[in-house]
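Take 23 as the starting number for the sequence shown in this note's numbering and just add one per residue.
Every residue, glycine too, gets a C-beta built ideally from N, C-alpha and C.
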Amino acid sequence: MNDVVGVTTSSRAGNSISTTLRQPFFVAYISCLIVIASLSLYLLPHVLQGDAISYVDAAKAYAGNVHLNIDLPPGPLTRETVTPEIVSVHRMLTSTLGIEILRFFAWITGSFEVGWLVMDTFLLFGGSIVLYLLLARFYESESVAFIGGLFFAGNYSMLSQGMGYFMDIGGWFFYLLALLLVYLYIESSNYRMLVIAALIIACGGLFKENAYMACIPIGTILLFQHYRTPLAFLARSVPLALIVILPAVVQHIHIYREYGYTYSYWVNLSQDFYEYDSVLVEYFKSFGSLLTLLAPLSLFGAYEFVRRFFDPSFGTKKQVFLVSVLISAIPAALWPAITQRVLFLAVPGLILLAGLFIKRFERYWYAFLPVVILYVLAALTMDSFILDYVNLPI
23 MNDVVGVTTS SRAGNSISTT LRQPFFVAYI SCLIVIASLS LYLLPHVLQG
73 DAISYVDAAK AYAGNVHLNI DLPPGPLTRE TVTPEIVSVH RMLTSTLGIE
123 ILRFFAWITG SFEVGWLVMD TFLLFGGSIV LYLLLARFYE SESVAFIGGL
173 FFAGNYSMLS QGMGYFMDIG GWFFYLLALL LVYLYIESSN YRMLVIAALI
223 IACGGLFKEN AYMACIPIGT ILLFQHYRTP LAFLARSVPL ALIVILPAVV
273 QHIHIYREYG YTYSYWVNLS QDFYEYDSVL VEYFKSFGSL LTLLAPLSLF
323 GAYEFVRRFF DPSFGTKKQV FLVSVLISAI PAALWPAITQ RVLFLAVPGL
373 ILLAGLFIKR FERYWYAFLP VVILYVLAAL TMDSFILDYV NLPI
């Protein structure tokens with residue numbers, strides 16, 4: 023298994039992150055990120071509409087210290103009873119940190135439109151760099167990190183929605199940062215890494231709730247280490263859970279006292295709002311446009327994972343970590359809205375899985391570049407060309 027992943031994690035631990043950032047592959051990676059971000063900004067449409075309006079209205083309400091007037095129905099929210107003001111209050115509940123950061127960038131740039139794109143660009147670079155560092159440490163390979171990172175930054179949902187007027191990209195960034203810290207804990211057994219990861223998740227959850235999914239790898243790793251000693255598991259997991267939960271509880275209580283609104287309204291609305299003739303077909307179309315050429319690489323990676331599962335040189339903790347990252351995307355897949363933006367949470371785990379296949383042929387890393395180029399081109403033309411002309415009868 024030495025050709026796929028390292029025998030031990032300690033050898034990589036001695037190679038600092040600062041050293042990684044000075045590698046030629048990383049310099050080339052940053053150059054590619056600049057090109058990818060520029061293509062997204064200049065080739066794809068960016069219109070402040072739809073969900074974005076509710077975030078801007080919430081930001082303006084915060085800026086003017088305005089109390090929004092909402093009229094909650096006696097029963098569950100429906101398409102007929104939901105109002106723009108209710109949606110804005112929901113944004114205050116789930117994305118208060120993201121809204122405040124958006125206000126900051128809007129203040130710097132002079133407009134919400136420009137400020138939002140600047141914020142998204144920073145988050146694209148931040149999330150892509152964090153994933154690069156995670157891949158570089160996990161596979162002990164800069165070339166795997168380079169190729170895998172490009173599959174992340176050049177993804178369709180990242181370019182069209184992450185770099186659009188949505189808050190999801192902020193949740194993705196905090197999710198990935200927490201995953202990196204969890205892996206650093208696996209390498210070092212330093213509990214402080216998990217404490218920092220919990221703080222990151224707590225902040226990310228106030229940016230976008232998808233960041234909370236990083237709790238799953240934390241819980242999985244601790245359960246794997248302490249399943250024979252339940253008290254030790256609780257002693258380590260409960261403080262982390264409190265760090266994550268308490269800020270959210272405070273925010274939910276605040277919004278409830280101000281507006282009488284709870285997250286349950288949104289859950290009921292989502293169940294009523296999204297209806298599909300065939301859920302399976304919808305998953306097929308959404309994952310197909312989301313993954314494109316990443317899908318076969320992930321399948322090849324899954325084959326490598328199964329083929330080498332009982333190889334003792336493949337560290338068990340690495341196996342558990344990889345599986346836990348994949349599992350952390352399941353709640354997103356179960357959300358009533360089946361969209362690429364929601365399902366994107368599966369992309370980091372699938373890239374991590376595909377890394378097993380890329381690592382096997384890392385000597386020929388350049389052979390993956392044509393695939394990456396086609397992948398990015400597909401992402402850039404997905405809305406304007408591919409989805410319009412590849413119209414499945416299903």
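Under three-state DSSP, which class holds residue i?
i, result
"R44", "coil"
"F309", "helix"
"N212", "coil"
"P96", "coil"
"H112", "helix"
"D405", "helix"
"F327", "helix"
"F299", "The sequence given here places Asp at residue 299; Phe does not occur at that position. The answer is coil: DSSP assigns D299 none of H, G, I, E or B."
"S76", "helix"
"E107", "helix"
"D333", "coil"
"P392", "helix"
"Y187", "coil"
"F343", "helix"
"R101", "coil"
"S60", "helix"
"T284", "coil"
"Q293", "helix"
"E162", "coil"
"L181", "helix"
"V136", "helix"
"P67", "coil"
"L315", "coil"
"G176", "coil"
Give the straight-line distance between the Cα atoms of residue i and residue j, rounded to the nearest whole angstrom.
i, j, result
"V398", "N177", "7 Å"
"Y207", "I238", "15 Å"
"S62", "T143", "10 Å"
"L409", "I240", "37 Å"
"I373", "I352", "16 Å"
"R125", "V393", "39 Å"
"T314", "S53", "24 Å"
"L43", "F295", "45 Å"
"H112", "Y285", "8 Å"
"A400", "L367", "19 Å"
"F127", "Y234", "24 Å"
"P98", "S60", "43 Å"
"P46", "M215", "28 Å"
"S346", "A354", "14 Å"
"P269", "I223", "10 Å"
"A263", "E304", "34 Å"
"P96", "G137", "38 Å"
"F48", "V217", "28 Å"
"L172", "Y77", "29 Å"
Tell me which residues share the same chain as residue i and place their Cβ nearer than 7 Å to its Cβ, disregarding the 5 neighbours each side in the sequence.
i, result
"C225", "L119, F196"
"F229", "S117, L119, G120, M189, G192, G193, F196"
"V166", "L157, G377, I380, K381, E384"
"L244", "F255, R258, S259"
"S308", "I360, T361, Q362, L365"
"I39", "L155"
"A35", "Since pLDDT at A35 reaches only 46, below the 50 mark, its modelled position is unreliable, and the value read off the structure follows with that caveat. Closer than 7 Å at Cβ, skipping near neighbours: E209, S210."
Give me, in chain order, the residues of the same chain whose beta-carbon lies closer than 8 Å to that of residue i; leave out the 5 immediate sequence neighbours on both sides.
i, result
"A50", "F168"
"Y205", "L156, R159, F160, F343"
"V104", "L291"
"L65", "L402"
"L375", "S320, G323, A324, F327, L344, L348"
"Q273", "L115, T118, L228"
For residue i, which residues of its own chain have a beta-carbon under 6 Å away from its beta-carbon, when the five flanking residues on both sides are left out?
i, result
"V152", "L198, L199, L202"
"A74", "Y187"
"A80", "S110, R113, M114, I121"
"Y298", "E304"
Let me see if you follow: with CB-CB separation under 8 Å, is residue i close to chain D or not?
i, result
"S211", "Considering every chain present, this structure includes no chain D. It has just one protein chain."
Is residue i near the ligand ADP, judged by its Cβ being under 7 Å from some heavy atom?
i, result
"V272", "Inclusion of the ligand ADP in the displayed structure is not the case, the ligand content being empty and no account of it being possible."
Next on the checklist: I'd like the ranges of any alpha helix (DSSP H) spanning at least 4 consecutive residues and lying wholly in the stretch 351–381.
Outcome noted: Entirely contained in the stretch 351–381, the alpha helix (DSSP H) runs reaching 4 residues are, in chain order, 352–355, 362–365.
Next on the checklist: Just to confirm the assignment: which complete alpha helix (DSSP H) runs, minimum length 4, are found wholly within the stretch 208–282?
Outcome noted: Entirely contained in the stretch 208–282, the alpha helix (DSSP H) runs reaching 4 residues are, in chain order, 213–227, 237–248, 252–281.
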